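Throughout, the numbering used here is defined as the position within the sequence shown, counted from one, plus 147.
Okay, so here's the structure we're looking at.
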Amino acid sequence: MKISVVSKKLWSVHKQLVLLLTPLLFLPLLFTLPEKEGKCLYVVVLMAVFWCTETLPLAVTAMLPVCLFPTLGILPSKKICPQYFLETNFLFLSGLVMASSIEEWGLHRRIALKVLSIVGVKPAWLILGMMMTSSFLSMWLSNTATTAMMLPIANAILESLFGDLETLKEKCKCKDDPEGDIINGQSTVKLHSLPSVPSEKQILSIEGSDGMEQSDMRSSEEIRLESQYQLKVWKGFLICIPYAASIGGTATLTGTAPNLILIGQLKSYFPDCDLINFGSWFAFAFPLMLLFLFVGWIWIAFLYGGLNTRLCFKKHDRRAQAEARAKALIEEDYRKLGPINFAEGAISFFFVLFAVLLFTRDPKFVTGWSVLFKKGYVSDAVTGVIIVSILFFFPSQKPSLSWWFDPQAPNTPYVPLLSWKKAQDSVPWNIILLLGGGFAMAKACEESGLASWIGGHLQPLAEVPPAAAVMLITGFLACFTEFASNTATIIIFLPVIAELAIRVSVNPLYFMIPATVGCSYAFMLPVSTPPNSIAFASGHLMVKDMVKTGFVMNILGVLCVALAMNTWGVAMFNLNTYPEWAHPINKSAAVTDVHFSSVQSLNATH
Numbered sequence: 148m149k150i151s152v153v154s155k156k157l158w159s160v161h162k163q164l165v166l167l168l169t170p171l172l173f174l175p176l177l178f179t180l181p182e183k184e185g186k187c188l189y190v191v192v193l194m195a196v197f198w199c200t201e202t203l204p205l206a207v208t209a210m211l212p213v214c215l216f217p218t219l220g221i222l223p224s225k226k227i228c229p230q231y232f233l234e235t236n237f238l239f240l241s242g243l244v245m246a247s248s249i250e251e252w253g254l255h256r257r258i259a260l261k262v263l264s265i266v267g268v269k270p271a272w273l274i275l276g277m278m279m280t281s282s283f284l285s286m287w288l289s290n291t292a293t294t295a296m297m298l299p300i301a302n303a304i305l306e307s308l309f310g311d312l313e314t315l316k317e318k319c320k321c322k323d324d325p326e327g328d329i330i331n332g333q334s335t336v337k338l339h340s341l342p343s344v345p346s347e348k349q350i351l352s353i354e355g356s357d358g359m360e361q362s363d364m365r366s367s368e369e370i371r372l373e374s375q376y377q378l379k380v381w382k383g384f385l386i387c388i389p390y391a392a393s394i395g396g397t398a399t400l401t402g403t404a405p406n407l408i409l410i411g412q413l414k415s416y417f418p419d420c421d422l423i424n425f426g427s428w429f430a431f432a433f434p435l436m437l438l439f440l441f442v443g444w445i446w447i448a449f450l451y452g453g454l455n456t457r458l459c460f461k462k463h464d465r466r467a468q469a470e471a472r473a474k475a476l477i478e479e480d481y482r483k484l485g486p487i488n489f490a491e492g493a494i495s496f497f498f499v500l501f502a503v504l505l506f507t508r509d510p511k512f513v514t515g516w517s518v519l520f521k522k523g524y525v526s527d528a529v530t531g532v533i534i535v536s537i538l539f540f541f542p543s544q545k546p547s548l549s550w551w552f553d554p555q556a557p558n559t560p561y562v563p564l565l566s567w568k569k570a571q572d573s574v575p576w577n578i579i580l581l582l583g584g585g586f587a588m589a590k591a592c593e594e595s596g597l598a599s600w601i602g603g604h605l606q607p608l609a610e611v612p613p614a615a616a617v618m619l620i621t622g623f624l625a626c627f628t629e630f631a632s633n634t635a636t637i638i639i640f641l642p643v644i645a646e647l648a649i650r651v652s653v654n655p656l657y658f659m660i661p662a663t664v665g666c667s668y669a670f671m672l673p674v675s676t677p678p679n680s681i682a683f684a685s686g687h688l689m690v691k692d693m694v695k696t697g698f699v700m701n702i703l704g705v706l707c708v709a710l711a712m713n714t715w716g717v718a719m720f721n722l723n724t725y726p727e728w729a730h731p732i733n734k735s736a737a738v739t740d741v742h743f744s745s746v747q748s749l750n751a752t753h
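So, in structure tokens, the structure goes:
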């Protein structure tokens, strides 16, 4: 057979081959390393390969610790199984339930259209509005849901600004023009389309035909150059949404899974560390999100033609007419939503209450309301579950006493703000299993002594200045997560990074926080994150567009994280000193690791 035929057949069964060959390939680990550490590393490597290649579904790979750690004698099942539903998972679950209630009543769409109507319709301002809205929503909703909701809004605005995409492509085509065939293919992802009214389409088509008549006055070269500019702006609109969603997810603990992995592993490795909770994380990560969002906007607006003198000066030309149409479209869509109804108002109230209570429970820089209860009893998970539980019985219609005394009033069924069926359908249970798998892996790495064993072999890195190490860690994980799930990436590397910090006598948070944030900075490839995939699948972007934009975004992200860690991060978490809470891990490692004496001598100097 031809080589090409064989290669195609091999590729068609490559997942099965990886599944069979990986366990055999790494068998030597069981015999060449200390017994417990070798067995644990064997399982960790298997899970890392399966996660990166997606040989098995991510959630199925996450359940392997339940099978392998007990059978290999690493940890008993009674220690592994509880890791799959820690209080961190309940916090994540409460965030997902709150997000599903927001989506159920369309509050996210109202927020998006309102922000876009405020920022204005010039391309650069609209890109900023898209990024602000996407990042805010992804703080509470999933990044994927935010992107899927915002892209149709962006497409509708773009069509009102520039007309039909196919017509625009035709105008761009030229014999020498390499950009002429930039956009190919049809959308492979079905997104929620914006509601449309025939009269509105007729109005837009009439205005569009007027524009065509006016454009006949221009030369073909002027039309081509203007169309190329419009095409660049179109790409800038689409590419900014998934990027902003990924950035926004880092601002809250419930915004993205790696943040919760950090909390879970901190509680496992350093039980006495109580510095990170919803409030303290928000106080650190929200300014970082704003900073990165601003510099990211500057870069995207510069690259895709949005930054020009039109930002500051009004001009009455064809672009101004298109912008007026876009503004009318946004205002019309917002008007169609009607006034805020009782359900939307109730969801808004509980949403704000949810955020305020989480933020003020124990923000560290001031006394929180948790002091009203027994110390250590009320956590962020308790707060979240209390609020979302109310959604399942609070009415979606305004209660009326007159209904009880009016025999003619309709006996409509009682409808709460959220039904369990809707919540059940909305919650990605696979992510909860993925979180649990990460916590189980971290527990095994700690108890088997694997993390300490790896840390002992990272001692040469003590020569690297901590500030440089922060940038290297963030950059490495930002690149690694381009090819693997951000959750899987942080699960694999966080135990090693924690042990590295101890070995070099650096506050573990100084390395662990940048690693966690860096895992969300995957901007270069369509496969890096689901939001990137959704934007790419619209058919309007090329891989080179994402690589060109994302490479600089990654660099900007690393620099922003380094700045945050070395300024307000140091002040908030006291990162200049080696903390007392970091010592217990060394004591537990002493039982299983012969390298403890060297760690103890390092810590004695602090």
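Even glycine gets a Cβ: it sits at the ideal position worked out from N, Cα and C.
Note that this is a predicted model, so its numbers are computed, not measured.
Inset, instruction - Alpha carbon to alpha carbon, how far is L582 from V530? Give it in angstroms, no decimals. - result: Your numbering for residue 530 matches position 383 in the sequence shown. Your numbering for residue 582 matches position 435 in the sequence shown. First, the residue type needs correcting, since residue 530 is Thr and not Val in the sequence shown. When rounded, the distance between both Cα atoms is 20 Å.
Inset, instruction - Check the Cβ-Cβ distances between P434 and every residue of chain B, and say whether any is below 8 Å. - result: In summary, chain B is missing from the structure at hand, where a single protein chain is found.
Inset, instruction - For P389, write down the residues that DSSP places opposite it in a beta bridge. - result: Numbered from 1 along the sequence shown, position 242 holds the residue referred to as residue 389. None, per the DSSP bridge assignment.
Legend entry - Nearest-angstrom beta carbon gap, L176 and L188 [assumed within contact, 8 Å]: Taking the first residue of the sequence shown as position 1, residue 188 is located at position 41. Taking the first residue of the sequence shown as position 1, residue 176 is located at position 29. Between L176 and L188 the Cβ distance is about 5 Å, and since that is below 8 Å, they are a contact.
Inset, instruction - Could you tell me which of G515, I638 and I304 sits nearest to V196, measuring between CA atoms? - result: Position 49 of the sequence shown holds residue 196. Per the Cα distances, I638.
Inset, instruction - State the Cα-Cα distance for the pair S282 and G523, rounded to the nearest angstrom. - result: One-based indexing of the sequence shown puts residue 282 at position 135. One-based indexing of the sequence shown puts residue 523 at position 376. Pairing S282 with G523, the inter-Cα distance amounts to about 32 Å.
Legend entry - Between the CA atoms of L538 and I681 - distance to the nearest angstrom: Taking the first residue of the sequence shown as 1, we reach residue 681 at position 534. Taking the first residue of the sequence shown as 1, we reach residue 538 at position 391. For I681 and L538, the distance between alpha carbons rounds to 30 Å.
Inset, instruction - Measure the CB-CB distance between L440 and S248 and report whether it falls below 8 Å. - result: Along the sequence shown, one-based indexing puts residue 440 at 293. Along the sequence shown, one-based indexing puts residue 248 at 101. Contact flag unset, no.
Legend entry - Rounded separation between Y668 and W551 - CA only: For the purposes of this step, residue 668 is identified with residue 521 of the sequence shown, where counting begins at 1. For the purposes of this step, residue 551 is identified with residue 404 of the sequence shown, where counting begins at 1. Computed Cα separation, rounded: 55 Å.
Legend entry - A729 versus E479: straight-line alpha-carbon distance, rounded: Within the sequence shown, the letter at position 582 stands for residue 729. Within the sequence shown, the letter at position 332 stands for residue 479. Cα atoms of A729 and E479: separation of roughly 57 Å, rounded to the nearest angstrom.
Inset, instruction - Please classify F280: is it buried, with 16 or more other beta-carbons within 10 angstroms of its beta-carbon, or exposed? - result: One-based indexing of the sequence shown puts residue 280 at position 133. The question names Phe, but residue 280 in the sequence shown is Thr. Buried is the call here.
Legend entry - Distance between A271 and M194 (C-alpha atoms, nearest Å): For the purposes of this step, residue 194 is taken as residue 47 along the sequence shown, with counting starting at 1. For the purposes of this step, residue 271 is taken as residue 124 along the sequence shown, with counting starting at 1. Rounded to whole angstroms, M194 to A271 spans 43 Å at the Cα level.
Legend entry - Runs of alpha helix (DSSP H) lying entirely within the segment 462 to 500, each at least 4 residues, in chain order: 465 to 483
Inset, instruction - Determine the closest residue to I386 out of M278, F425 and M286, with distance taken between C-alpha atoms. - result: Residue mapping note: residue 386 aligns to position 239 of the sequence shown, counting from 1. Of M278, F425 and M286, the residue nearest in Cα terms is M278.
Legend entry - Whole alpha helix (DSSP H) elements within the segment 366 to 452, 4-residue minimum: Whole alpha helix (DSSP H) segments, 4+ residues: 367 to 395, 404 to 416 and 425 to 450.
Inset, instruction - Return the residue from the list S675, V690 and A645 that minimises the CA-CA distance to Y725. - result: Your numbering for residue 725 matches position 578 in the sequence shown. Minimum Cα distance to Y725 is reached at A645.
Legend entry - Which listed residue (K261, I477, E306 and E250) has its alpha carbon closest to that of L288: Numbered from its first residue, the sequence shown carries residue 288 at position 141. Among K261, I477, E306 and E250, the Cα nearest to that of L288 belongs to E250.
Inset, instruction - Can you check DSSP and say which residues form a bridge with P563? - result: Translated into positions along the sequence shown, residue 563 becomes position 416. According to DSSP, which records beta bridges pairwise, P563 is partnered with P542.
Inset, instruction - Go through its chain and collect everything with a Cβ distance to V694's Cβ below 8 Å, but skip five positions before and after it. - result: Counting from one through the sequence shown, the residue named residue 694 turns up at place 547. Contacts found: M671 and L672.
Inset, instruction - Please go through the segment 159 to 218 and give each complete alpha helix (DSSP H) segment of 4 or more residues, from N-terminal end onward. - result: 161 to 172, 176 to 179, 182 to 200, 205 to 209 and 211 to 218
Legend entry - Option nearest S685 by Cα separation, candidates F640, M297 and G584: As a first step, residue 685 is located in the sequence shown; it is residue number 538 there, counting from the start. Cα-wise, what sits closest to S685 is M297.
Legend entry - Same chain, Cβ closer than 8 Å to L448, five either side skipped, listed in chain order: One-based indexing of the sequence shown puts residue 448 at position 301. Residue 448 is actually Ala in this sequence, not Leu. Contacts found: P270, A271, I274, L275, G383 and L454.
Legend entry - W139 - DSSP class collapsed to helix/strand/coil: The structure shown does not extend to residue 139, since the chain is modelled only from 148 through 753, so no value can be given for it.
Inset, instruction - Give a yes or no on whether the C-beta atoms belonging to L476 and W381 are separated by under 8 Å. - result: For the purposes of this step, residue 476 is taken as residue 329 along the sequence shown, with counting starting at 1. For the purposes of this step, residue 381 is taken as residue 234 along the sequence shown, with counting starting at 1. Contact: no.
Inset, instruction - Figure out for me which residue from A473, F237, F429 and K162 has the closest Cα to the Cα of A755. - result: The first residue shown for the chain is 148 and the last is 753, placing residue 755 beyond what the model contains.
Legend entry - For D509, three-class secondary structure by DSSP: Numbered from its first residue, the sequence shown carries residue 509 at position 362. It is coil, neither helix nor strand.
Inset, instruction - Measure the C-alpha to C-alpha separation of W428 and F720 and round it to an integer number of angstroms. - result: On the sequence shown, position 281 is the one that residue 428 refers to. On the sequence shown, position 573 is the one that residue 720 refers to. Cα-Cα distance, rounded: 10 Å.
Legend entry - Selected residue, minimal CA-CA separation from S241, among I221, S536 and L219: As a working note, residue 241 is residue 94 in the sequence shown. The shortest Cα separation from S241 among I221, S536 and L219 belongs to S536.
Inset, instruction - May I ask which residues mark the beginning and end of the alpha helix (DSSP H) holding G665? - result: By 1-based counting over the sequence shown, the position of residue 665 is 518. Going by DSSP, G665 is part of the alpha helix (DSSP H) stretching over P655 to G665.
Legend entry - Straight-line gap, V152 to A631 (C-alpha atoms, nearest Å): As a working note, residue 152 is residue 5 in the sequence shown. As a working note, residue 631 is residue 484 in the sequence shown. Rounded to whole angstroms, V152 to A631 spans 28 Å at the Cα level.
Legend entry - Burial state of D553, where buried means 16 or more other Cβ atoms lie within 10 Å: Within the sequence shown, the letter at position 406 stands for residue 553. By the 10 Å Cβ count, D553 comes out exposed.
Legend entry - CB of R650 within 8 Å of CB of L706, strictly: Along the sequence shown, one-based indexing puts residue 650 at 503. Along the sequence shown, one-based indexing puts residue 706 at 559. No, the pair does not count as a contact, with Cβ atoms beyond the cut-off.
Inset, instruction - Pull up the distance between the alpha-carbon of T218 and that of M286, whole angstroms please. - result: Working through the sequence shown from its first residue, we reach residue 218 at position 71. Working through the sequence shown from its first residue, we reach residue 286 at position 139. Rounded to the nearest angstrom, the two C-alpha atoms are 40 Å apart.
Inset, instruction - In the DSSP assignment, find the unbroken alpha helix (DSSP H) run with D692 in it and report its ends. - result: Indexing the sequence shown from 1 puts residue 692 at position 545. V690 to M712 is the extent of the alpha helix (DSSP H) around D692.
Inset, instruction - Determine the DSSP secondary structure at P223, reduced to helix, strand or coil. - result: Position 76 of the sequence shown, counting from 1, holds the residue named residue 223. Coil, per DSSP.
Legend entry - Nearest-angstrom Cα separation, counted from V653 out to A709: Looking up residue 709 in the sequence shown gives position 562. Looking up residue 653 in the sequence shown gives position 506. The alpha-carbon of A709 is positioned some 15 Å away from that of V653.
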